[in-house]
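The next block holds one structure in the form of structure tokens; read it before the comments.
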Amino acid sequence: MHFILELAIDFYQQSLAISEQIGDRSGEGTTLNNIAYTLNAQSQTEVAILFFKESVKVIESIRNDLKKLSREEQQSFTKTVADTYRALADLLLKQGRVSEALQVLDLLKIQELEDYLKNVKGSDRTAQGVQLLAPERVVSGQLTGVSFEKIPELNRDLASKIQQLPKSEINKVPDYLQKLPQGAVLIYPLILDDRLEIIVFSANTLPVNHTVSIKKAELEKLIDDYRSDLRDYSSIDVKASSKKLYDVLIKPIESDLQLAKATTILYAPDGKLRYIPLAALYDGKQWLVEKYRVNNLIAYSLFEPDSKPQANLRIFAGAFGGKSGETRFRFSGLPATISEVDRIAAIFAHTTKLIEGEFTATATKEKVVGQAIVHFATHAEFKSGSPLDSYVLFGDGSKVTLAEINEWNLKDADLVILSACETGLGGSGNGSEILGFGYQVQRAGAKASIASLWTVSDGGTQLLMEAFYGNLQKGNASMSTSLREAQLSMIRRPIKDGGVNYNHPYYWSAFVLIGNGL
């Protein structure tokens, strides 16, 4: 085995040298990744981490040039890339290097967007890759051509020097992560095959991680069961299935939230966790939304905490009830959407409305320019796989796909709302379509978006949206606060004899806010 590994390392080193000579950045990144995996299998952990970091550095440097690769090369490269980020985060957390792992997870979110949308550019923040520690910077120049026999000594030396570093250097976080709003706590879960890792970070503290012993298959079964109960308004098991997930996701970090005096959770879910609303986790007495505002993130490196909502709200509201002339669609009708936008217009005088047949993609694209809130009361469907399969439906039967949304001019928009969209859970989906929607809206210029994870009944949506806009109209509430207060009004709504149980999370928890709603 030793001889085989030695041959493998020698082969990879030759391949790396060739890639560097001919300027094959993709091949260089892949080879660095392969060397890292091989070294990790031999417990040469510190050197493996360094090779993974170098691979990530190459990946981030060529992100903007992915279009130059063939489609087959792109697919192969991005699959390798996603695994690289997860493997690196896994190793860093095992070594107790939480701050570095947090940076890797942020980059992973961007890479998952690239896997889905294929045209995602990084930012000045992501281009930095993952910071190298001082001993790693010294060793990094020695990696090319290092012999197999030298690696154990190099690993021991690197491990010793890293252990001697002051904690302030090991735990250092990038400047952009130090701008967390007061009272906000950042939560980054990472689903691994053998366990769940939860990283928690707040202002003026160091990032910490909690390891939960649960296999990926078991966690995804809990997610599937809970989502099934959430989507069934008659389910009496929803609190029990919610409590199981609360015990996995929130209970391990309760003391961190209390210590930080948290009022807001900034949440960047991983994988299938994107298909369930964190706000609707139940601790046995209360829903999480009764304690905290919940604001989902694409990635914190794309979050702009300093941007503030406009004082005078101009609103665009478009509604499609499901029928336009003789055109018929496979969706069920949404008759309450018309009254939904009528109520918005009644609350805000500066509302531009387009209804049914006049609510076309062409007209809408023109009308949304300069609006602070863009509200779509119409069918939308998000699917994993291709952004071309995810779309918003308009009153004339036209569609705008997820791939096209970023072409709109939403630079004046604080918020884009889709009040009747559906996401598909199943198969190998990892929620990338939800991540993709949030990103495309922000890419078009909007600060945040609200979308439903499943289609809620017409009446329930109308009640929640009316409460949401009523809260905004008061003038001193943020988007996330207004959504939370609207959800609380549903939870506390009395059930009249024979009436609808609107406090079931089916009605109020489907709506998640993505981006900066603070």
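Numbers in this note's numbering are just positions in the sequence shown, counted from 1, shifted up by 949.
In this text, a Cβ means the ideal position worked out from N, Cα and C, and glycines have one as well.
Item: Could you check how far apart the C-beta atoms of D1143 and K1164 are, in whole angstroms? I think they sit under 8 Å.; Value: 6 Å
Item: Using beta-carbon positions only, say whether T1313 and P1336 come within less than 8 Å of one another.; Value: no
Item: Quick one, which of V1053, C1370, L1057 and L1114 has its alpha-carbon nearest E1085's?; Value: L1114
Item: Work out the CA separation of H1324 and S1470 for me, nearest whole Å.; Value: Within the shown structure, residues of the chain are numbered from 950 to 1467, placing residue 1470 beyond reach of any answer.
Item: Note down, one range per segment and in chain order, each alpha helix (DSSP H) of at least 4 residues found wholly within the region 1073-1134.; Value: 1083-1089, 1100-1112 and 1116-1119
Item: Using the rule of at least 16 other Cβ atoms within 10 Å of the residue's Cβ for burial, across every protein chain shown, is A1369 buried or exposed?; Value: buried
Item: My output table needs one value for F1265: the three-state DSSP class, helix, strand or coil.; Value: strand
Item: Alpha carbon to alpha carbon, how far is K1360 from L1412? Give it in angstroms, no decimals.; Value: 29 Å
Item: For a test of the three-state rule: what should DSSP assign to D1032, helix, strand or coil?; Value: helix
Item: Of the choices G1346, W1403 and V1161, whose alpha-carbon is the least far from that of E1371?; Value: W1403
Item: In terms of DSSP beta bridges, what is W1236 paired with?; Value: Y1231
Item: Using the Cα positions of R1046 and D1124, report the straight-line distance between them to the nearest angstrom.; Value: 17 Å
Item: If you draw a straight line from the C-alpha of Q1091 to the C-alpha of V996, how long is it?; Value: 11 Å
Item: Confirm, please, whether the CB-CB distance from S1004 to A985 is below 8 Å.; Value: yes
Item: Just confirm the distance between the C-beta atoms of S1237 and I1185, as a whole number of angstroms; I'd bet it's less than 8 Å.; Value: Looking at the sequence shown, residue 1237 is not Ser but Leu. No, L1237 and I1185 are not in contact; Cβ-Cβ is about 20 Å, not under 8 Å.
Item: Within 10 angstroms of the Cβ of N1244, are there 16 or more other Cβ atoms? Answer buried if so, exposed if not.; Value: buried
Item: Within 8 Å, do at least three Cβ pairs link the region 1209-1218 to the region 1435-1451?; Value: no
Item: Could you tell me which of K1423, F1417 and S1427 sits nearest to L1437, measuring between CA atoms?; Value: F1417
Item: If distances are taken between C-alpha atoms only, which option among N1261, P1254 and L1206 comes closest to Y925?; Value: Since the first residue shown for the chain is 950 and the last is 1467, residue 925 is missing from the structure and cannot be characterised.
Item: So, at 6 Å on beta carbons, what are the nonlocal neighbours of V1461 in its own chain, with the 5 sequence-adjacent residues on each side left out?; Value: P1226 and N1245
Item: Using CA coordinates, which residue listed in Y1175, I1463, A1209 and A1189 is at the minimum distance from L1364?; Value: I1463
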